[in-house]
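Enquirer: Structure incoming, see below.
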Amino acid sequence: MTNEPAASSLASLASRFALEAPGRVKTAIARPANAIGLSMASGGLESEPHAHRESQVMYLVRGELICEASSALWIVPPQSALWIPGSVMHRIRARAPLEGYSVFLEPDAAPNLPQDCCAVSVTPLFRELLLRLATRPALYDLEGPDARLVSVLLDELATVSIEKHRLPMPTDPRLRRLVDAMTADPANGATTKTWAKRIGVGERTLNRLLVEETGLSFGRWRQQLHIILALQKLSRGATVQSVALDLGYESASSFVTMFRKALGTSPARYMASRLATLA
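823 is the number of the first residue of the sequence shown in the numbering used here; add one for each residue after it.
Written as structure tokens, this is what we have:
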């Protein structure tokens, strides 16, 4: 369900694309980069699984954006961006209030960027260039100032750093039941043995399957799940205390310690730095 501004924004986005095949689209305008602004005042949206020939950078100014692709789940906090390489099948979920920008790049426009999806931090210059490009005509001059703007934007894109907002997602049906149960009840501090029994496997089998499919042990995977859920809740405006309780921590300080070890700063400082430019 979307509100009228969101529907208008999505219609504008859809007008830039042509359907190649079911679930596969390409931009209808031949330019190295196509940028567009997105906004949603209320409601939410969820895309069908799809891929596009072009690579995509989705930059979030405010709001909540979740992407599932490449056997992983990403949450994109404010002032971060998601890199989606061309031809990668993905699904997007968003929740209002949301404001952001998306730029679609021809496959050979950014050849040195990762071949898999990733959450990235962007420089202030990249942000301003993206906002500027989104105001330009879709058929901008390939030889004029807009072309130079795109060139600088691509140079800045090459400097992005990858952020730790990725949650590897298993495909084994038993592990997916585990994921669903732990996501629905993140405060549940049951042991690996207890969770293994609930999904009908042995404890050693559970750990082996998780490592094989996600590269993480049970403890590390659960911690990363908590980071992803914490970012989601903090982006919605929840307090550190309430997030700590929701995730099952005995105190806010124990949650802050975990968060700082994972992301290098406290939850309050992290969100303050993200939202500073919105004041």
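From the three backbone atoms N, C-alpha and C, an ideal C-beta is built for every residue, glycine too.
Would you kindly report the start and end of the unbroken alpha helix (DSSP H) that includes residue 1045?
Expert: Taking the sequence shown and counting its residues from 1, the one referred to as residue 1045 is at position 223. Where residue 1045 is concerned, the enclosing alpha helix (DSSP H) stretches over 1040-1057.
Enquirer: Does the separation of the CB atoms of residue 925 and residue 857 fall below 8 angstroms?
Expert: For the purposes of this step, residue 925 is taken as residue 103 along the sequence shown, with counting starting at 1. For the purposes of this step, residue 857 is taken as residue 35 along the sequence shown, with counting starting at 1. Taking 8 angstroms as the Cβ cut-off, residue 925 and residue 857 qualify as a contacting pair.
Enquirer: Below 8 angstroms, how does it come out for the stretch 934-941 and the stretch 862-871: are there three or more Cβ pairs, yes or no?
Expert: no
Enquirer: So the candidates are 1082, 1009 and 1041; which of them puts its Cα closest to the Cα of residue 1066?
Expert: Indexing the sequence shown from 1 puts residue 1066 at position 244. Closest by C-alpha distance to residue 1066, out of 1082, 1009 and 1041, is 1009.
Enquirer: Can you name the residues that DSSP bridges to residue 856?
Expert: On the sequence shown, position 34 is the one that residue 856 refers to. Note: residue 856 sits in a beta bridge opposite 926.
Enquirer: Hey, quick one: how far does the beta strand (DSSP E) through residue 878 stretch, first residue to last?
Expert: As a working note, residue 878 is residue 56 in the sequence shown. Counting along the chain, the unbroken beta strand (DSSP E) around residue 878 starts and ends at 877-891.
Enquirer: Which residue comes first and which comes last in the beta strand (DSSP E) that contains residue 1069?
Expert: As a position in the sequence shown, residue 1069 is number 247, starting the count at 1. Taken as a continuous stretch (DSSP letters only), residue 1069 belongs to no beta strand (DSSP E), as it is neither H nor E.
Enquirer: Can you name the residues that DSSP bridges to residue 941?
Expert: One-based indexing of the sequence shown puts residue 941 at position 119. 904, per the DSSP bridge assignment.
Enquirer: Quick one: grab the DSSP three-state call for residue 997.
Expert: To locate residue 997, count along the sequence shown from 1; it is residue 175. The answer is helix: DSSP assigns residue 997 an H, G or I state.
Enquirer: Just to confirm, are residue 1032 and residue 1038 a CB contact at a threshold of 8 angstroms?
Expert: As a working mapping, residue 1032 is identified with position 210 in the sequence shown. As a working mapping, residue 1038 is identified with position 216 in the sequence shown. Going by beta carbons, residue 1032 and residue 1038 fall inside the 8 angstroms limit.
Enquirer: Can you tell me whether residue 852 is buried or exposed, with buried defined as 16 or more other CB within 10 angstroms of its CB?
Expert: Here residue 852 is taken as the residue at index 30 of the sequence shown, counted from 1. Exposed, since its Cβ has fewer than 16 Cβ neighbours within 10 Å.
Enquirer: State the start and end residues of the unbroken beta strand (DSSP E) segment that holds residue 898.
Expert: Stepping through the sequence shown from its first residue, residue 898 is reached at position 76. Looking at the DSSP string, the run of the beta strand (DSSP E) that includes residue 898 is 894-898.
Enquirer: Helix, strand or coil for residue 1004, going by three-state DSSP, please let me know.
Expert: Working through the sequence shown from its first residue, we reach residue 1004 at position 182. Note: residue 1004 maps to helix in three-state DSSP.
Enquirer: Nearest-angstrom Cα distance between residue 1002 and residue 978?
Expert: Residue mapping note: residue 1002 aligns to position 180 of the sequence shown, counting from 1. Residue mapping note: residue 978 aligns to position 156 of the sequence shown, counting from 1. When rounded, the separation of the alpha-carbon atoms in residue 1002 and residue 978 is 38 angstroms.
Enquirer: Just to confirm, is the Cβ distance from residue 989 to residue 1063 under 8 angstroms?
Expert: Looking up residue 989 in the sequence shown gives position 167. Looking up residue 1063 in the sequence shown gives position 241. No. Outside cutoff.
Enquirer: Quick one: residues in its chain with C-beta nearer than 6 angstroms to the C-beta of residue 895, no 5 flanking neighbours on either side, listed in chain order?
Expert: As a working note, residue 895 is residue 73 in the sequence shown. Around residue 895: 989 and 991.
Enquirer: Could you please give the first and the last residue of the uninterrupted alpha helix (DSSP H) stretch that includes residue 967?
Expert: Locating residue 967 in the sequence shown gives position 145, where the first residue counts as 1. Where residue 967 is concerned, the enclosing alpha helix (DSSP H) starts and stops at 967-979.
Enquirer: Whole-angstrom Cβ separation of residue 932 and residue 983, contact assumed at under 8 angstroms?
Expert: Your numbering for residue 932 matches position 110 in the sequence shown. Your numbering for residue 983 matches position 161 in the sequence shown. Going by Cβ atoms, the distance from residue 932 to residue 983 rounds to 15 angstroms, so no, they are not a contact pair.
Enquirer: Going by other Cβ atoms of all chains shown within 10 Å of its Cβ, with 16 needed for buried, is residue 919 buried or exposed?
Expert: Locating residue 919 in the sequence shown gives position 97, counting from the first residue. Looking at its Cβ environment, which holds fewer than 16 other Cβ atoms inside 10 Å, residue 919 is exposed.
Enquirer: Would residue 1014 and residue 1025 qualify as a contact pair, given that the criterion is a beta-carbon distance under 8 angstroms?
Expert: Numbered from 1 along the sequence shown, position 192 holds the residue referred to as residue 1014. Numbered from 1 along the sequence shown, position 203 holds the residue referred to as residue 1025. Contact: yes.
Enquirer: Indicate whether the contact test is met: 3 or more Cβ pairs, each with one atom in the stretch 873-888 and one in the stretch 902-917, closer than 8 angstroms.
Expert: yes
Enquirer: Output yes or no for whether 8 angstroms exceeds the beta carbon distance between residue 903 and residue 986.
Expert: Here residue 903 corresponds to residue number 81 of the sequence shown, with the count starting at 1. Here residue 986 corresponds to residue number 164 of the sequence shown, with the count starting at 1. For residue 903 and residue 986, no; Cβs fall outside 8 angstroms.
Enquirer: With a CB to CB cut of under 6 angstroms and the five nearest residues on each side skipped, what residues in its chain are close to residue 825?
Expert: Within the sequence shown, numbered from 1, the residue matching residue 825 stands at position 3. Confidence at residue 825 is low in this model, with a pLDDT of 41, below 50, so the placement of that residue is unreliable and no value is reported for it.
Enquirer: Answer yes or no: do residue 1075 and residue 1081 have a C-beta to C-beta separation smaller than 8 angstroms?
Expert: Locating residue 1075 in the sequence shown gives position 253, where the first residue counts as 1. Locating residue 1081 in the sequence shown gives position 259, where the first residue counts as 1. Not closer than 8 angstroms, so no.
Enquirer: Let's see if you can read the secondary structure: which residues bound the alpha helix (DSSP H) around residue 1035?
Expert: Taking the first residue of the sequence shown as 1, we reach residue 1035 at position 213. Start and end: 1025-1036.
Enquirer: Is the beta carbon of residue 883 less than 8 angstroms from the beta carbon of residue 900?
Expert: As a first step, residue 883 must be located in the sequence shown, where it is residue number 61. As a first step, residue 900 must be located in the sequence shown, where it is residue number 78. Taking 8 angstroms as the Cβ cut-off, residue 883 and residue 900 qualify as a contacting pair.
Enquirer: To the nearest angstrom, how far is the alpha carbon of residue 1056 from that of residue 1070?
Expert: Position 234 of the sequence shown, counted from the start, is the residue given in the question as residue 1056. Position 248 of the sequence shown, counted from the start, is the residue given in the question as residue 1070. Approximately 16 angstroms between the Cα atoms of the pair.
Enquirer: Would you call the CB atoms of residue 885 and residue 859 closer than 8 angstroms?
Expert: Position 63 of the sequence shown, counting from 1, holds the residue named residue 885. Position 37 of the sequence shown, counting from 1, holds the residue named residue 859. Going by C-beta atoms, residue 885 is not nearer than 8 angstroms to residue 859.
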